[in-house]
Structures are given as C-alpha cells and as structure tokens.
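To convert, take the position in the sequence shown, counting from 1, and add 114; that gives our numbering.
Structure, as structure tokens:
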Amino acid sequence: MRGSLSRWLQGWLAPLVLAGTWMLQATAAEPPAGRLEQIQVHGPSLEGNLSGDSATRTVFVYLPPGYAADGSRRYPVLYFLHGFGAAAQMYVNFLGLPRVLDAAIAEGRVPPLIVVLPDVLNRFGGSMYSNSPTIGDWESFIARDLVAYIDGHYRTLAQRESRGLAGHSMGGYGTLRIGMKQPDVFVALYSMSACCLDPRQVAPADATNEQVRTLEDVEKLPVLGRTTLAASASWAPNPQNPPLYLDLPTRSGASQQDVLARFAANAPTVMASQYVPQLKGHAAIRMDIGEQDGLIGGNALMTQVLTKLGVPHEYETYPGDHMNKVAERFAQHVLPFFARHLATSDRPGGGGSR
Numbered sequence: 115m116r117g118s119l120s121r122w123l124q125g126w127l128a129p130l131v132l133a134g135t136w137m138l139q140a141t142a143a144e145p146p147a148g149r150l151e152q153i154q155v156h157g158p159s160l161e162g163n164l165s166g167d168s169a170t171r172t173v174f175v176y177l178p179p180g181y182a183a184d185g186s187r188r189y190p191v192l193y194f195l196h197g198f199g200a201a202a203q204m205y206v207n208f209l210g211l212p213r214v215l216d217a218a219i220a221e222g223r224v225p226p227l228i229v230v231l232p233d234v235l236n237r238f239g240g241s242m243y244s245n246s247p248t249i250g251d252w253e254s255f256i257a258r259d260l261v262a263y264i265d266g267h268y269r270t271l272a273q274r275e276s277r278g279l280a281g282h283s284m285g286g287y288g289t290l291r292i293g294m295k296q297p298d299v300f301v302a303l304y305s306m307s308a309c310c311l312d313p314r315q316v317a318p319a320d321a322t323n324e325q326v327r328t329l330e331d332v333e334k335l336p337v338l339g340r341t342t343l344a345a346s347a348s349w350a351p352n353p354q355n356p357p358l359y360l361d362l363p364t365r366s367g368a369s370q371q372d373v374l375a376r377f378a379a380n381a382p383t384v385m386a387s388q389y390v391p392q393l394k395g396h397a398a399i400r401m402d403i404g405e406q407d408g409l410i411g412g413n414a415l416m417t418q419v420l421t422k423l424g425v426p427h428e429y430e431t432y433p434g435d436h437m438n439k440v441a442e443r444f445a446q447h448v449l450p451f452f453a454r455h456l457a458t459s460d461r462p463g464g465g466g467s468r
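Encoded structure:
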C-alpha cells in the first residue's frame with residue numbers, strides 16, 4: 115500500500131521545483147498578455163479548524179487579454195486544484211501560466227476565460243479537498259466560499275454552465291470528490307492522474323507516524339512522511355484526540371481496521387455509487403493518466419466503476435509518468451475540453467464588477 119503512493123510522490127516533486135520562471139518570460143512573438151493576480155480569500159468554511167491553519171488562503175487568478183479594456187464582458191471560469199505537498203505557486207510555474215493560457219486564447223483553442231488556482235497547502239501537506247474538523251471544510255471552501263468570492267469580485271458568468279473543475283494528483287481526487295458532492299456548482303470535470311481512488315491504496319499505513327507527538331513535529335517531516343497524517347486528518351479526524359486530532363491507521367505497529375475502513379470510504383470508487391444522479395448530471399467527465407504512473411490501477415478501477423454505474427465519461431492513458439506530460443496535456447487536452455463544455459453566453463444578474 116505504501117509503495118505505490120511513495121513512488122508517485124518521489125517522481126513529481128522534482129519537476130515542480132525545477133519548473134522555472136523561464137516559462138513566464140515574454141518574447142517579441144508572444145500573443146497579447148493576460149494578467150495573473152495573487153489575492154487573499156478568506157474562507158468561513160475553514161474557520162476554527164483544530165490544526166490551526168489559516169482560513170485566509172492565497173489564490174492565483176488569471177484574467178484573459180482584454181479583460182481590463184472591456185468592462186462589460188463576462189467570462190467562464192476554470193478552477194484548477196493542485197497536488198499534495200505543493201503550493202499553488204509551484205503549479206503556476208509548472209503549467210506555464212500565464213503564457214500557456216495567453217497562447218491558447220490567441221490560437222483559438224479556448225475562448226477567453228478566467229482561471230483560478232487556490233493554495234490548499236497546510237501543515238499536513240494537503241487537505242485532500244475534504245471536510246474535517248481537524249483541517250476545516252475544504253469541500254465548501256472550494257465550491258462555496260471561493261466561487262462566491264470570485265463571482266463577487268470578477269466579471270464572471272456566475273452560473274454552473276460556465277464553471278469547470280480540474281485538478282492533478284490530489285487535485286484530480288478533489289475534482290472527482292467535489293464534483294460528486296457539489297454537483298450544482300460545476301458543469302464539467304477533468305481529473306488528471308488522480309490519487310486515492312482505490313480503497314486498497316488511499317494512503318499508506320505508516321507506523322512511523324506514531325512517533326509524531328505535536329503539530330510542530332508534523333511540519334518537520336518530509337513530504338513523504340506526511341501522507342498518512344494528511345489522510346488521517348482528512349478522513350479519520352478525532353476532536354477528542356489532541357494534539358493532532360486524528361486517528362492513525364496503526365497502533366503499536368498493528369493495523370487499525372476501523373480507521374482503514376474510514377479511509378476506504380473516502381475513495382471515489384466507493385463513493386460513486388452514492389452519487390450516480392449527481393455524476394450523470396455533469397455535461398462531461400474526463401480522466402487521464404500516464405501509463406507509467408503508479409496510480410494507474412486506481413484510475414483504471416475508477417473508469418470501470420463509472421462504466422458499471424452507467425456514468426458517461428472519457429478515460430485516456432498516454433505514454434508518461436505522474437508528472438512529465440502534465441503541463442503539455444493541460445495545454446493540449448484540458449483547455450480544449452473546457453472550450454467544448456463551458457458556456458460563454460451571459461445571463462442577467464451574474465458576476466461582480468472588478
């Protein structure tokens with residue numbers, strides 16, 4: 115169980131770190147430039163979380179070329195969820211934003227749109243985009259607090275038909291999870307190399323985490339050492355068990371089946387049967403993953419489950435690992451997918467005025 119999760123984590127951190135600012139440099143041949151803003155968004159859904167993480171989050175917002183010049187135009191919005199152990203800034207660099215978006219719009223591969231990347235990095239390494247008293251209600255932060263803020267402060271098409279949700283790795287998991295549970299918010303979903311889909315491999319049962327005594331100890335661990343703690347904080351919270359406020363899947367080295375069952379219950383392959391009408395209500399669902407990605411088994415199981423449930427979706431594998439084709443596929447597959455499925459027409463009363 116631990117091996118597969120460890121392999122994909124080891125394979126994706128280095129490319130994120132190495133993705134440099136060269137991706138953002140302009141040349142004389144560059145298309146008209148959009149603007150990338152870094153803002154702070156307060157999330158009432160995150161207030162009072164027992165781990166003490168801030169309820170005010172950094173968010174990156176891409177505004178397309180011409181946004182400032184035409185004060186009457188409104189835009190569809192793509193929300194992108196980043197992976198475990200990374201900050202949103204790392205994905206901004208890794209995906210080549212705003213350059214890739216400027217080029218896609220200039221080439222007509224996607225209509226002008228707003229793209230939003232929230233930062234969900236916490237002391238456990240990631241929120242799993244889940245709802246827990248230990249870490250806060252990240253599902254509602256994304257689908258309610260953040261969407262309401264963006265609609266209230268930018269000229270969006272404030273309607274489900276004009277909102278898409280995508281993500282990579284932990285963000286791919288979050289895309290499927292939130293898409294199931296908040297079906298009235300997003301019309302289309304694109305999950306890239308999602309983790310945590312297989313109930314047998316949602317997180318490693320790592321007995322070394324039993325030595326962690328304080329929240330400060332958690333932050334001293336390397337990313338690989340936090341995966342079990344992050345899963346426990348997200349899916350096995352325990353407000354009666356300070357100071358970490360979670361239940362671990364091991365005790366004195368022995369597996370705790372009740373905790374592992376709570377982990378498994380949060381695997382989308384298990385959850386999907388509870389949300390069939392919601393899943394069928396999306397205009398489109400697409401999943402992809404590299405053929406050399408250690409998470410391919412869980413993704414293959416997910417497409418089997420969706421097919422058995424009669425949920426229309428697309429599933430593609432490609433030559434690649436967990437990271438090496440993601441930026442390319444974002445530009446060449448994710449953006450055109452949302453170009454096909456996000457409404458670009460306005461309706462009365464939608465969006466802010468900024």
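All residues carry an ideal CB built from backbone N, CA and C; glycine is no exception.
Residue environment, residue i, which counts as buried when at least 16 other CB atoms sit within 10 Å
| i | result |
| --- | --- |
| Thr135 | Its pLDDT being 36, under 50, Thr135 is placed unreliably in this model, and the coordinates cannot settle the point. |
| Ser387 | exposed |
| Arg376 | buried |
| Pro426 | exposed |
| Lys334 | exposed |
| Ser459 | exposed |
| Gly408 | buried |
| Ala347 | buried |
| Pro232 | buried |
| Ala182 | exposed |
| Phe452 | buried |
| Thr417 | buried |
| Pro178 | buried |
| Arg269 | buried |
| Gly240 | buried |
Residue i versus residue j - alpha carbon distance
| i | j | result |
| --- | --- | --- |
| Ala457 | Tyr189 | 9 Å |
| Arg400 | Gly166 | 35 Å |
| Gln154 | His267 | 12 Å |
| Arg223 | Leu150 | 20 Å |
| Leu449 | Glu330 | 40 Å |
| Leu195 | Gln152 | 16 Å |
| Asn438 | Leu227 | 26 Å |
| Asp184 | Leu423 | 45 Å |
| Thr66 | Glu405 | Here the chain has residues from 115 to 468 only, and residue 66 is not among them. |
| Gly148 | Arg454 | 21 Å |
| Ala378 | Arg314 | 7 Å |
| Gly162 | His156 | 13 Å |
| Ile403 | His436 | 7 Å |
| Trp252 | Gly367 | 30 Å |
| Pro391 | Thr170 | 33 Å |
| Arg443 | Pro433 | 11 Å |
| Leu420 | Thr289 | 15 Å |
| Ser470 | Glu428 | Missing from the structure shown is residue 470; the chain here goes from 115 to 468 and no further. |
| Ala220 | Pro212 | 12 Å |
| Met385 | Val373 | 17 Å |
| Arg187 | Trp349 | 42 Å |
| Asn323 | Val234 | 22 Å |
| Ala217 | Val337 | 34 Å |
| Asn380 | Pro146 | 43 Å |
| Tyr389 | Arg365 | 33 Å |
| Ser369 | Ala262 | 42 Å |
| Gly180 | Pro225 | 12 Å |
| Gln371 | His447 | 40 Å |
Residues near residue i in its chain [Cβ-Cβ closer than 6 Å; skip 5 each side]
| i | result |
| --- | --- |
| Gly197 | His282, Ser283, Met284, Gly285 |
| Ser254 | Ser159 |
| Val214 | Ala445 |
| Glu144 | none |
| Thr328 | Pro357 |
| Val206 | Phe174 |
Cutoff 7 Å; reference residue i; Cβ partners in own chain excluding five residues on either side
| i | result |
| --- | --- |
| Ala441 | Phe208, Leu209, Gly210 |
| Leu164 | Pro247, Thr248, Pro353, Tyr359 |
Beta-carbon contacts of residue i that lie in its chain and below 8 Å, excluding the five residues immediately before and after
| i | result |
| --- | --- |
| Tyr287 | Met242, Tyr243, Gly281, Ser305, Ala308, Cys309, Cys310, Leu311, Pro382 |
| Val230 | Val173, Phe174, Val175, Tyr176, Val191, Leu192, Tyr193, Phe194, Leu260, Ile264 |
| Val102 | Here the chain comprises residues numbered 115 to 468, so residue 102 is not present and cannot be evaluated. |
Proximity test, residue i beta-carbon vs the ligand MN heavy atom, cut-off 8 Å
| i | result |
| --- | --- |
| Ile292 | In the structure shown, the ligand MN is absent, as is every other ligand, since no ligand is present at all. |
Does the structure place the stretch 279-288 close enough to the stretch 305-317 that three or more beta carbon pairs sit under 8 Å? yes
If you pair each beta-carbon of the stretch 165-174 with each one of the stretch 202-216, do three or more pairs fall below 8 Å? yes
Any chance the stretch 292-301 sits against the stretch 258-276, with 3 or more Cβ pairs inside 8 Å? yes
Any chance the stretch 341-356 sits against the stretch 232-251, with 3 or more Cβ pairs inside 8 Å? yes
Three or more beta-carbon pairs under 8 Å between the stretch 389-399 and the stretch 287-295, yes or no? With the cut-off at 8 Å, the stretch 389-399 and the stretch 287-295 touch.
Mind listing, in chain order, the continuous alpha helix (DSSP H) runs of no fewer than 4 residues lying wholly within the stretch 372-436? Taking only runs of at least 4 residues, the alpha helix (DSSP H) segments lying wholly in the stretch 372-436 are 382-385, 390-394, 410-422.
Are three or more beta carbon pairs between the stretch 342-350 and the stretch 263-278 nearer than 8 Å? no
Ranges of the beta strand (DSSP E) found wholly within the stretch 280-354, counting only runs of at least 3: Counting whole runs of 3 or more residues, the stretch 280-354 contains the beta strand (DSSP E) stretches 302-306.
Contact between the stretch 406-416 and the stretch 360-377: three or more CB pairs below 8 Å? They do not touch, by the three-pair rule.
Just list the alpha helix (DSSP H) runs in the stretch 144-215, keeping only unbroken ones of 4 residues or longer that don't cross its boundaries, in chain order. Segments of the alpha helix (DSSP H) lying fully in the stretch 144-215: 202-209.
What are the uninterrupted segments assigned as alpha helix (DSSP H) that are 4 or more residues long and contained completely in the stretch 218-293, given in chain order? Taking 4 residues as the shortest admissible run, the stretch 218-293 contains the following complete alpha helix (DSSP H) segments, listed from N- to C-terminal end: 261-267.
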